[in-house]
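**Q** My questions all concern the structure below.
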Amino acid sequence: MQRPTPYPRGRSIRYGAALAAVCASLLAGCTSPREWIRNGFKVGPAYCRPEAPVADDWIDANDQRLRSESDDHAAWWTVFDDPVLDRLIAEAYSQNLPLRVAGFRILEARALRAIAAGNVLPQQQQAFADYSHNVNSLRSFGFALPTRQFSLWDGGFNLAWELDFWGRFRRAVESADADLDASIENYDDVLVTLLADVATTYVEIRTLQRRLELAKANIELQRRSFELADTRFTKGAANEVDMQQAKSNLAQTEALVPQLEVALRQSQNQLCVLLGFPPEDLNARLGTAAIPTAPAEVAVGVPGELLRRRPDVRRAERQVAAQSARIGIAESEFYPHIAVTGVIGVEANQFQDLFKSGASFGSVGPSLRWNVLNYGRILNNVRAEDARFQQAAIAYQQTVLAANAEAENAIVAFLRSQQRRDALLRSAEAARRSNELVSSLYNVGDAGLDRVFVIQSFLVQQQDAAAESQGEVAKNLISIYRALGGGWQIRLGTGAVGVVRLPGVEPAPDAQRGTGEAMPEATPAPMPQPMPTPHAAPEPK
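Right, dumping it as structure tokens:
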């Protein structure tokens with residue numbers, strides 16, 4: 001007597017064939033069964049952040065002006081203690097157009113991520129309804145047969161669901177998640193650059209204002225010397241050389257004014273663009289103030305912190321993660337596409353019969369599609385995706401190297417520019433004192449006009465160079481904060497601009513407030529749609 005089996009023999013054979021097909025797929029593909037299981041039943045490589053070379057310490061780490069403690073520099077511009085700069089930062093954060101573009105890129109990435117997540121659900125859902133009426137009129141051997149009429153009413157719903165057996169759709173979600181993170185990091189990178197550009201442009205404006213002020217003061221000084229030399233030449237008490245020398249010095253200094261005014265207007269126009277409105281004269285709005293004074297010390301931490309501080313480094317790492325997932329998507333084409341298809345509906349010759357029990361029909365069953373004849377194309381597509389992954393990994397390593405070099409360049413420029421500024425300030429003070437002394441000597445007849453002209457010309461040069469060096473120190477400090485990736489934290493509601501929000505954006509509920517004073521809220525420029533709220537991307541582990 002034959003022993004009964006728990007399932008019919010035909011069904012057992014079909015299940016065995018399906019299992020054999022799965023095993024054959026895993027053996028034929030790039031992923032071993034063990035890796036497939038360890039990866040959460042997903043083919044493709046398990047992502048691991050690439051190694052990147054980072055220096056152990058800064059080159060100038062022994063300089064006492066560099067502090068090794070960590071600081072996120074969320075509101076670094078407050079070290080200048082300049083309320084006008086604080087207000088400009090707030091306005092730029094609310095109104096800058098490239099920052100809004102970066103925000104809409106986040107919206108785009110979110111939508112693409114939602115599309116990828118939707119593919120995990122049934123991919124095809126279709127409702128149908130149809131009515132047909134046929135009339136057949138036949139003639140045979142000269143005789144007309146009775147006319148036959150057929151009516152058919154039908155309607156229903158069909159469904160196709162490709163199962164994510166190999167992780168193709170989950171890999172697509174992973175890639176979309178990483179792309180979304182990269183778009184957020186891009187937003188942060190644009191924000192870091194914006195804050196640094198606003199502060200740098202503001203320092204340039206204050207520096208040019210100071211240089212223009214000094215130039216005009218020296219013009220008045222040299223004009224009096226020229227008038228004196230011209231009077232003495234007219235009376236015959238001095239030769240023409242002294243008069244022409246005084247005239248030349250005056251004209252040379254006067255030539256500085258248009259040059260400085262052009263640079264000042266260009267810097268103001270650049271600031272207007274950063275603030276998101278057309279160029280206008282900002283003199284009344286900004287007023288006059290001293291060049292922002294940079295502190296002598298700065299907290300820089302250690303180079304390894306650049307991996308988590310700088311948004312461009314985090315963006316490059318997220319791009320590597322996205323490309324790693326795309327390898328799995330390409331590799332899934334080695335394996336069969338297993339789907340469940342079904343249809344349910346009603347069908348009847350008369351409309352009133354559609355709702356009777358005998359009018360219903362339905363079917364459900366598996367579907368398998370396998371590109372077994374496209375092995376070469378699939379293999380080369382996997383190779384192409386892997387090559388793109390290698391490119392992204394190398395680009396990430398290059399980004400880390402460039403970030404380290406940028407920070408080192410900013411540090412050495414800041415430290416050395418302080419020395420240059422101090423020397424030029426001493427030189428300018430000595431030139432000012434020399435001018436006072438030579439004027440006194442000239443008044444008592446112990447010095448000639450030629451010596452006065454030389455001292456005054458040197459005074460113009462040294463005062464201008466000293467003012468420019470003061471601005472360079474401040475700009476180099478800003479470059480350090482830019483290189484360290486400071487400032488992007490304000491989108492989380494932290495820092496001195498915590499009260500300023502992107503249009504239509506609510507702050508994070510658990511955001512920590514900064515310790516600085518709140519800046520006046522800027523009036524946002526009208527936009528067709530609100531800005532998105534970027535969520536914090538995960539830090540690389």
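Note that my numbering numbers the sequence shown so that position 327 is 327, with each residue one more than the last.
Don't be surprised by glycine CBs; every beta carbon is placed ideally from N, CA and C.
1) Span of the alpha helix (DSSP H) holding Thr78?
2) Just the Cα atoms here: how many angstroms apart are Asp177 and Ala284?
3) Applying the 10 Å Cβ sphere with the 16-neighbour rule, what's the burial state of Gly365?
4) How many angstroms separate the CA atom of Leu180 from the CA atom of Ala109?
5) If contacts are defined as beta-carbon pairs under 8 angstroms, then Trp166 and Lys42 qualify, I think. What distance do you get, rounded to the angstrom?
6) Determine the closest residue to Arg171 out of Gly328, Arg309, Gly487 and Gln461, with distance taken between C-alpha atoms.
7) State the beta-bridge partners of Ile338 as determined by DSSP.
8) Looking at Pro303: is its Cβ nearer than 8 angstroms to the Cβ of Trp58?
9) With DSSP as the reference, label Val346 as helix, strand or coil.
10) Where does Leu449 land, buried or exposed, given buried means 16+ other C-beta within 10 angstroms?
11) Could you please give the first and the last residue of the uninterrupted alpha helix (DSSP H) stretch that includes Val84?
12) Tyr202 and Leu282: beta carbons closer than 8 angstroms?
13) Go through its chain and collect everything with a Cβ distance to Ile206's Cβ below 8 angstroms, but skip five positions before and after it.
14) Does DSSP put Arg67 in a helix, a strand or coil?
15) Just curious, the alpha helix (DSSP H) that Leu272 is in, first and last residue?
16) Taking C-alpha atoms, which residue in Ala61, Leu191, Asn218 and Pro122 lies nearest to Asp464?
17) Is the Cβ-Cβ distance between Ile89 and Trp77 less than 8 angstroms?
18) Do Leu99 and Val198 have their C-beta atoms within less than 8 angstroms of each other?
19) Output the distance between the C-alpha atoms of Lys475 and Ala196, rounded to the nearest integer angstrom.
20) Alpha carbon to alpha carbon, what distance is there between Ala403 and Asp188?
21) Is Asn158 helix, strand or coil by DSSP?
22) In terms of residues, what are the limits of the alpha helix (DSSP H) holding Thr293?
23) Assuming Ser363 contacts Gly342 (C-beta within less than 8 angstroms), just tell me the rounded distance between them.
24) Taking the alpha helix (DSSP H) that Gly471 belongs to, which residues open and close that run?
**A** Looking at the atomic coordinates:
1) Under the DSSP assignment, Thr78 falls outside any alpha helix (DSSP H); it carries neither an H nor an E label.
2) Rounded to the nearest angstrom, the two C-alpha atoms are 47 angstroms apart.
3) Counting the other Cβ atoms within 10 Å of the Cβ of Gly365 gives fewer than 16, which makes it exposed.
4) Spanning the two alpha carbons is a distance of roughly 5 angstroms.
5) Taking a contact as a CB-CB distance under 8 angstroms, the pair Trp166 and Lys42 counts as one, their CB atoms being some 7 angstroms apart.
6) The option with the nearest alpha carbon to Arg171 is Gly328.
7) Leu368, per the DSSP bridge assignment.
8) Inclusion of Pro303 and Trp58 in the CB contact set at 8 angstroms is warranted, their separation being smaller than that value.
9) Val346 falls in the strand class under three-state DSSP.
10) Here Leu449 is buried, its C-beta having at least 16 other C-beta atoms within 10 Å.
11) From DSSP, the alpha helix (DSSP H) with Val84 extends over Pro83 to Gln95.
12) In this structure, Leu282 does not lie closer than 8 angstroms to Tyr202 by Cβ.
13) Note that residue 206 is Arg in the sequence shown, not Ile. Cβ contact annotation for Arg206 (same chain, cutoff 8 angstroms, sequence separation greater than five): Ala289, Ala290, Ile291, Pro292 and Gly471, in chain order.
14) The answer is strand: DSSP assigns Arg67 an E or B state.
15) One detail in the question is off: residue 272 reads as Cys in this sequence, not Leu. Cys272: member of the alpha helix (DSSP H) spanning Glu240 to Leu275, first to last residue.
16) Relative to Asp464, the option among Ala61, Leu191, Asn218 and Pro122 whose CA is nearest is Asn218.
17) Against a cut-off of 8 angstroms, the Cβ pair of Trp77 and Ile89 comes out as a contact.
18) Contact flag unset, no.
19) Answer to the nearest angstrom: the Cα atoms are 9 angstroms apart.
20) Taking the straight line from one Cα to the other gives about 15 angstroms.
21) Strand, per DSSP.
22) Here Thr293 belongs to no alpha helix (DSSP H), and DSSP marks it neither H nor E.
23) At roughly 6 angstroms, the Cβ-Cβ gap stays under 8 angstroms, so Ser363 and Gly342 are in contact.
24) Gly471: member of the alpha helix (DSSP H) spanning Leu449 to Ala483, first to last residue.
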